[in-house]
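2 protein chains.
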Amino acid sequence: MADWKIISGGVTAAQGFRAAGIAAGLKPSGAKDLAAIVSDVDAIAAGVFTTTQVRAACVDYSHQKLQGKAPRARAILCNAGQANAATGEAGWADAVESAEQFGQAMAIPVDRILLASTGVIGQRIKIKEFIDGIPTLVSSLSEDGGADAAQAIITTDLVTKEIAIEAQFGDRTVRMGGTSKGSGMIHPNMATMLGFVTCDAAVSSGLWQEMLSRAADKSFNQITVDGDTSTNDTLYALANGQSRTPAITSPGPDADKLEAMLTFVCQHLAKAIARDGEGATCLVEVEVTGADSDDDARKVARTIAGSSLVKSAIFGRDPNWGRIAAAAGRAGVRFSQDTLAVTLGEFALMKNGQPLEFDRDAASKYLKATAEDGEYLKTDTVKIGVSVGIGSGSGIAWGCDLSYDYVRINAEYTT
Amino acid sequence: MADWKIISGGVTAAQGFRAAGIAAGLKPSGAKDLAAIVSDVDAIAAGVFTTTQVRAACVDYSHQKLQGKAPRARAILCNAGQANAATGEAGWADAVESAEQFGQAMAIPVDRILLASTGVIGQRIKIKEFIDGIPTLVSSLSEDGGADAAQAIITTDLVTKEIAIEAQFGDRTVRMGGTSKGSGMIHPNMATMLGFVTCDAAVSSGLWQEMLSRAADKSFNQITVDGDTSTNDTLYALANGQSRTPAITSPGPDADKLEAMLTFVCQHLAKAIARDGEGATCLVEVEVTGADSDDDARKVARTIAGSSLVKSAIFGRDPNWGRIAAAAGRAGVRFSQDTLAVTLGEFALMKNGQPLEFDRDAASKYLKATAEDGEYLKTDTVKIGVSVGIGSGSGIAWGCDLSYDYVRINAEYTT
Chain A
604 MADWKIISGG VTAAQGFRAA GIAAGLKPSG AKDLAAIVSD VDAIAAGVFT TTQVRAACVD
664 YSHQKLQGKA PRARAILCNA GQANAATGEA GWADAVESAE QFGQAMAIPV DRILLASTGV
724 IGQRIKIKEF IDGIPTLVSS LSEDGGADAA QAIITTDLVT KEIAIEAQFG DRTVRMGGTS
784 KGSGMIHPNM ATMLGFVTCD AAVSSGLWQE MLSRAADKSF NQITVDGDTS TNDTLYALAN
844 GQSRTPAITS PGPDADKLEA MLTFVCQHLA KAIARDGEGA TCLVEVEVTG ADSDDDARKV
904 ARTIAGSSLV KSAIFGRDPN WGRIAAAAGR AGVRFSQDTL AVTLGEFALM KNGQPLEFDR
964 DAASKYLKAT AEDGEYLKTD TVKIGVSVGI GSGSGIAWGC DLSYDYVRIN AEYTT
Chain B
604 MADWKIISGG VTAAQGFRAA GIAAGLKPSG AKDLAAIVSD VDAIAAGVFT TTQVRAACVD
664 YSHQKLQGKA PRARAILCNA GQANAATGEA GWADAVESAE QFGQAMAIPV DRILLASTGV
724 IGQRIKIKEF IDGIPTLVSS LSEDGGADAA QAIITTDLVT KEIAIEAQFG DRTVRMGGTS
784 KGSGMIHPNM ATMLGFVTCD AAVSSGLWQE MLSRAADKSF NQITVDGDTS TNDTLYALAN
844 GQSRTPAITS PGPDADKLEA MLTFVCQHLA KAIARDGEGA TCLVEVEVTG ADSDDDARKV
904 ARTIAGSSLV KSAIFGRDPN WGRIAAAAGR AGVRFSQDTL AVTLGEFALM KNGQPLEFDR
964 DAASKYLKAT AEDGEYLKTD TVKIGVSVGI GSGSGIAWGC DLSYDYVRIN AEYTT
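Residue numbers (the working numbering), protein chains in the order written: chain A, 604 to 1018; chain B, 604 to 1018.
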């Protein structure tokens, strides 16, 4: 159905992008912790940031850079280990210095550099190690560096998250790739969901930002691990035009196709975060239909995916339609309970607001099978379907189950 | 400070109220499961109900009864075992029949009876057992029956919840008592927070409902165990005038005093629910000051008390100010992070948006001591203080920690 295909390469799959990830000594573990994604030429840049009132210095800094008309960027510079949040003026100075030093080493203007950080809140970046690492980072930049960058931005994630796709636009090929990190919305004192997307299409700035905002609403804004927004959440998308395709400057079939690609990439990266949720044993996908609007449907889906009771039931392999219905009811969206329907995989659990007879053992087995046979992101998805009425609004949210390990990871981190 | 004193008797402490709680065979365990609270004369009745779209029959039924001008009630009839939610027309008929049969047995008009149910969602009330139990229920009504009623309304609660107070109004005594139940907002397929308050003051209907709504906003609406609103949440308050005190019909010192008493009773009952949260090892009290409004402060307090990461940290005895600050930031309330301050008990953890040096071991010990030495609702309260700015808005919320047992209880209930 999709008129694109999945390729390798992550953020360096698109033309004119290089990336690197090195170990600069910021993480106590000695793992890779400093990443750069660089475009050969100025790229149209769009961003979506955390809505919290407690923000990291890199978020405020980069948000400013993207405020102007038609903002452009050459590079995303990201460290893992310290979140540089709640660090005051010193943290701001660190952010500025890291950008300036990287700009000098790359010979690119400092206002073309976007920053991101993830790690322990309240800790300043280890700025000496960061600066000392820049020459190695720059010399490591490569057209095959996507995987290294993906590795360097993760913290407590169990796996790296990458995707790339390509599609034909006329007789030319557009490529788009991305990477993300995140495992709790906030980790044990560690922060953040990050997402970086690169693309070689040519697209106007306003359109690109609109596409990214809409794609975020259908992806990163629709995942929940524990309901906790972080101080550092950041999503960037760069489009550098190196595919040499005609510029997309107005709505139409090409814009629609590019946005569909962007949405697919963002959804893939967002689902990968939800699946890697702390302690998760499966991905949970909640699809809501019949709402008055897509916004309403997304809200109901998010509420179900975020319910501790639904999440516990899934961990316990319990086809508990009552908790699903109750979570739908409290989402803050008006609907008649007489039209509520709930499915779990192939099983119809509830219709017209009332429970149906169903094979409880088989439904429980569906939950067990999906969780235990699971190959990552392929078969271990528990699908919940909810219809709330007769409208045409629909939406999907993703989450994970709530396990003993979530409590263990989050209770035993610092003491 | 308070000009009232705590007395015994629960919902039967006030003049002119009787109550009973019996085992009618609705709970599989054979425990008490049918309760009635009856006023000798018509009482001014106020109610606050769940805001969810998926409501039990008893909620819709009783909400209708309280719609008229100056609604009055003689009795609250409550069963535990089956929630009578998601039961359609049959469930509605059960609600109507239970009220009619009880009304006949008591010789009181059916429109003077309020209903409440709690138990498994999607199950109809065992109506035969219910009806068969009514004669015993009626003959058991007594002026000492408060404790029995408190026992009959609980489900997975570990303890019953009761309070009563009395105060002088001129040369006469006003008494007010209450009981509540709840342990998860929704239990393992079990539902509900219920709260019933009785009072022998004379008060006008409009004032009483306003007082109850405000008291609920400062109590039951400020507790969270798992963020899941139930299908059956109900709070009733009856005032029957049997204290023979002058009727309170307009704002003034007497109205203020009565509202303070009502708020105290509701807060006591609400905190008891939070402390009895599934798997909880301590009560968590979050006080927020410095907000632009009380509403804002209450919202921030609720968000912190409901954060899975904060709750896990407390269970892990981790003085994790970063999670508290991050939760405050995402509450949807605007404030400057430069004025944020966080305290934990006596320990100042953060000021002006930046972390302070503090004795981590001592702070962790504070968490340990409060949780392990704790006598119920007395010393086992973890106190979190947050100041978000320079406004005068303040508010308190209550919750509990998130433990392995919460996951166990909710994952292993039905399968």
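Even for Gly, the Cβ is constructed at its ideal location relative to N, Cα and C.
Exposure label - residue i; buried when at least 16 CB within 10 Å
i, result
"A:Thr884", "buried"
"A:Lys608", "exposed"
"B:Gln670", "exposed"
"A:Ile993", "exposed"
"B:Gln771", "exposed"
"A:Arg937", "exposed"
"A:Ser611", "exposed"
"B:Pro922", "buried"
"A:Gln667", "exposed"
"B:Asp898", "exposed"
"A:Lys764", "buried"
"B:Ala1014", "buried"
"A:Lys860", "buried"
Spatial neighbours of residue i in its chain, beta-carbon cut-off 6 Å, leaving aside the 5 residues before and after
i, result
"B:Lys821", "Thr866"
"A:Gly684", "Leu629, Lys630, Asp636, Gly722"
"A:Gly650", "Leu669, Tyr839"
"B:Lys784", "Ile756, Ile757, Asp760, Leu797"
"B:Gln845", "Gln618, Gly619, Asp803"
"B:Val644", "Asn843"
"B:Ile730", "Asp697"
"B:Ala892", "First, the residue type needs correcting, since residue 892 of chain B is Thr and not Ala in the sequence shown. Ser990, Ser997."
"A:Thr827", "Ala908, Gly909, Gly1002"
"B:Thr776", "Glu769"
"B:Ala588", "As shown, chain B starts at 604 and ends at 1018. That puts residue 588 of chain B outside it, with no answer to give."
"B:Gln754", "Gly624, Lys635, Thr763"
Residues bridged to residue i (per DSSP)
i, result
"B:Asn682", "B:Leu637, B:Ser720"
"A:Gly988", "A:Glu890, A:Thr946"
"A:Phe620", "A:Ser642"
"A:Ile625", "A:Leu637"
"B:Gly998", "B:Val891"
Sequence-distant residues of its chain with Cβ nearer than 7 Å to residue i (five each side left out)
i, result
"A:Val662", "Phe652, Thr653, Asn835, Thr837"
"B:Met953", "Trp924, Ala928, Leu943, Ala944, Val945, Leu959"
"B:Ala708", "Ile737, Pro738, Val741"
"B:Arg621", "Thr615, Val641, Leu744, Ser745, Glu746, Gly748"
"B:Val713", "Ala702, Glu703, Gly706"
"B:Val868", "Ile766, Ile768, Met779, Gly781, Val800"
"B:Val913", "Ile907, Arg926, Ile927, Ala930"
"A:Asp1004", "Ala883, Thr884, Cys885, Val887, Lys914, Ile917, Phe918"
Helix, strand or coil at residue i [DSSP, three-state]
i, result
"A:Arg658", "coil"
"A:Cys885", "coil"
"B:Gly691", "helix"
"B:Lys672", "coil"
"B:Arg920", "coil"
"B:Lys608", "strand"
"A:Ile907", "helix"
"B:Ser1006", "coil"
"A:Ala649", "strand"
"A:Ile1012", "helix"
Contacting residues, own chain, Cβ-Cβ under 8 Å from residue i (five flanking each side not counted)
i, result
"B:Ser1006", "Gly882, Ala883, Thr884, Phe918"
"B:Trp695", "Ala660, Asp663, Tyr664"
"A:Asp941", "Asn955, Gly956"
"B:Ala850", "Ala805, Val806, Ser807, Gly844"
Where in the region 923–966 of chain B do unbroken runs of the beta strand (DSSP E), each at least 3 residues long, occur, reported from the N-terminal end onward? 944–947, 950–954
3-residue-minimum beta strand (DSSP E) runs that sit fully inside the region 698–779 of chain B, ordered along the chain: 716–723, 764–772
Whole alpha helix (DSSP H) runs in the region 781–857 of chain B with 4 or more residues, listed along the chain? 808–820
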